[in-house]
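Residue numbers (the numbering used here): 390 to 522. Working notes, structure below.
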Amino acid sequence: MGVTEARWIGTGKQTLSSREVIIWSGRKDNVHREGVVIIIGKNKANTVLGWKPVNERLLYVRMNSKYAKLSVVVAYAPADGAEEEDKDTFYYARQTVLDDIPRHDVLLLLGDFNARLGRNNKDKEKTMGRHDD
């Protein structure tokens, strides 16, 4: 299970007394904002082949499974109102992670992409369509 906006700092991997594994990637400046986490159940904890804390918004974990390798990316995108540079940095980093995943892996992309809901589709008619009551 992926968790976004965990607000944990630093990076790490910890096995709990209940044998679940928690892997996290957070900020490096001790500010409790952003952060992504994956929680792996005790029956799958021994399948982790490797993990990479990309930054406070991206975490990559590769796991073994019966038929194929499973690559999991947990993502927490900047909100629509964020600075363009922050959004560009996030999407560039996300694409870099996705490009590095072996083609034969099963990919699971989890996260919060900060989509906005609502009726206001001004200048977005082509992608949102009409939503009348």
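The C-beta atom is built at its ideal place from N, Cα and C for all residues, glycine as well.
Quiz item: So the alpha helix (DSSP H) Leu487 belongs to, where does it begin and stop?
Solution: Glu473 to Asp489
Quiz item: For the beta strand (DSSP E) that contains Leu498, what are its first and last residues?
Solution: Val495 to Asp501
Quiz item: Grouping DSSP H, G and I as helix and E and B as strand, with all else coil, what is Ala466?
Solution: coil
Quiz item: Closest to Leu459 by CA distance: which of Val450, Asp418, Thr393 and Glu473 is it?
Solution: Val450
Self-check item: Same chain only: Cβ atoms within 7 Å of Pro442, ignoring 5 sequence neighbours per side
Solution: Thr400, Ser414 and Leu448
Practice problem: Output the boundary residues of the beta strand (DSSP E) element that contains Lys402. | Solution: Thr400 to Thr404
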